[in-house]
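Step one of this worksheet: look at the structure below.
Residue numbers (UniProt numbering): 1 to 331.
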């Protein structure tokens, strides 16, 4: 920083013109007089000059990524309120040292700056991934975001490996450790990842707590007891009135047809045993719907039988074809 800048003098803006027609000796003399004047002015304004130097120091500390311990070494001079020329010289010497350090570590600082930019992008993509509204994006925005996120995820480990190798080589050549805000490089990266993980867990817990608070409490209902005698109601299918009538008619028709089928003479020889006769008689009981008795069975002809079936079918409006087929086979 020039004396003009430190002292906010107007000469910086062209208030000290050169005499192009004068000799070199005269020019040197004029410049020396200007320097002497500024130095005298600086002595009179030492407090302002030193405070400006301290602001510049803080800016250099930030650029060099110095931690609290690294800044502590100069803290006794940084906080000194006895503004003297010696104190100003110490500040100037510290500034020179920081500028030299910045120049030596420039490749490492630039690589770390690149990693930090990608790390911020990664966190931004992670926040977007948890937003359900992103699926409504159109025009390929979601696909583009996915590609960029994948690119950043692959780049971060690669940058970390490159930085680790460069830092190891620098520390061997310089004989000192390269610190990032007071930490070794890989330790600093691990801390960044851990802090991000803790932040995500905190946000997740806050969402769960908020969801629990907004959910109304429901009193659990008591189930009805089911004992051995209690029957569990079966599922019932809702039916229209027409469906119920048709089903009832169908069941009635099938029942009648089944009863009729059991009463059809099969043409087989009569069973000799009394037990078989009793069973056959019980099975033939439905023939009463034809207004006939067991003694009249031998006198029924096939024409009478089919005529009776036709009457029955016209009354019920449904006739099972299986019955007629079995009757014809039995005849």
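Backbone N, C-alpha and C define an ideal beta-carbon position, used for all residues, glycine too.
**Message:** Residues in the same chain with beta-carbon distance under 6 Å from residue 82, minus the five sequence neighbours each way, listed in chain order, please.
**Reply:** none
**Prompt:** Apart from the five residues just before and just after residue 159, which ones in its own chain have a Cβ nearer than 8 Å to its Cβ?
**Reply:** 111, 114, 115, 118
**Prompt:** Do you know how far the Cα of residue 85 is from the Cα of residue 43?
**Reply:** 7 Å
**Asked** With DSSP run on the structure shown, which of helix, strand or coil describes residue 81?
**Response** coil
**Identity of the residues DSSP links to residue 184 by a beta bridge** = 179
**Message:** Quick check on residue 143: buried or exposed, where buried means 16 or more other Cβ atoms within 10 Å of its Cβ?
**Reply:** exposed
**DSSP state of residue 165 mapped onto helix, strand, coil** = helix
**Request:** With DSSP collapsed to three states, give me the class of residue 307.
**Result:** helix
**Asked** Rounded C-beta distance between residue 163 and residue 179? I'm assuming under 8 Å.
**Response** Contact doesn't hold; Cβ gap of about 13 Å is too wide.
**Prompt:** When DSSP labels each residue in this structure, what does residue 215 get in the three-state scheme?
**Reply:** coil
**Asked** For residue 98, is the classification buried or exposed, using 16 other Cβ atoms within 10 angstroms of its Cβ as the cut-off for buried?
**Response** buried
**Cut-off 8 Å between Cβ atoms - residues of its own chain near residue 77, not counting five sequence neighbours on either side** = 87, 90, 91, 94
**CB of residue 166 within 7 Å of CB of residue 108, strictly** = yes
**Item:** Beta-carbon separation (whole angstroms), residue 69 vs residue 175, contact threshold 8 Å
**Value:** About 19 Å separates the two Cβ atoms, so there is no contact after all.
**Asked** Under 7 Å between the Cβ atoms of residue 61 and residue 54?
**Response** no
**Item:** Coil, strand or helix - residue 131 by DSSP
**Value:** coil
**Prompt:** Under the three-state reduction of DSSP, which class applies to residue 149: helix, strand or coil?
**Reply:** helix
**residue 65, buried or exposed, once every other Cβ within 10 Å from all chains shown has been counted against 16** = buried
**Request:** Round the Cβ separation of residue 188 and residue 123 to the nearest angstrom and send it over; I've been treating them as touching at under 8 Å.
**Result:** That pair is no contact at about 16 Å.
**Element boundaries [alpha helix (DSSP H), containing residue 54]** = 46-63
**Item:** Buried or exposed by the 16-neighbour rule on C-beta atoms within 10 Å, applied to residue 236
**Value:** The predicted model places residue 236 with a pLDDT of 47, which falls under 50 and marks its position as unreliable, so this point remains unresolved.
**Asked** Per DSSP, what kind of secondary structure is residue 25 in: helix, strand or coil?
**Response** helix
**Item:** Backbone CA spacing between residue 79 and residue 50 [nearest angstrom]
**Value:** 11 Å
**Prompt:** Which residue's Cα is closest to the Cα of residue 67: 200, 177, 306?
**Reply:** 177
**Asked** Can you tell which of 127, 150, 304, 63 has its C-alpha closest to the C-alpha of residue 102?
**Response** 63
**Message:** So for residue 74, helix, strand or coil by DSSP?
**Reply:** coil
**Message:** Within 10 Å of its beta-carbon, does residue 57 have 16 or more other beta-carbons around it, so buried, or fewer, so exposed?
**Reply:** buried
**Asked** Measuring CA to CA, which of 59, 104, 192, 215 is closest to residue 173?
**Response** 104
**Request:** Determine the direct distance from the alpha carbon of residue 129 to that of residue 204, and round the result to whole angstroms.
**Result:** 14 Å
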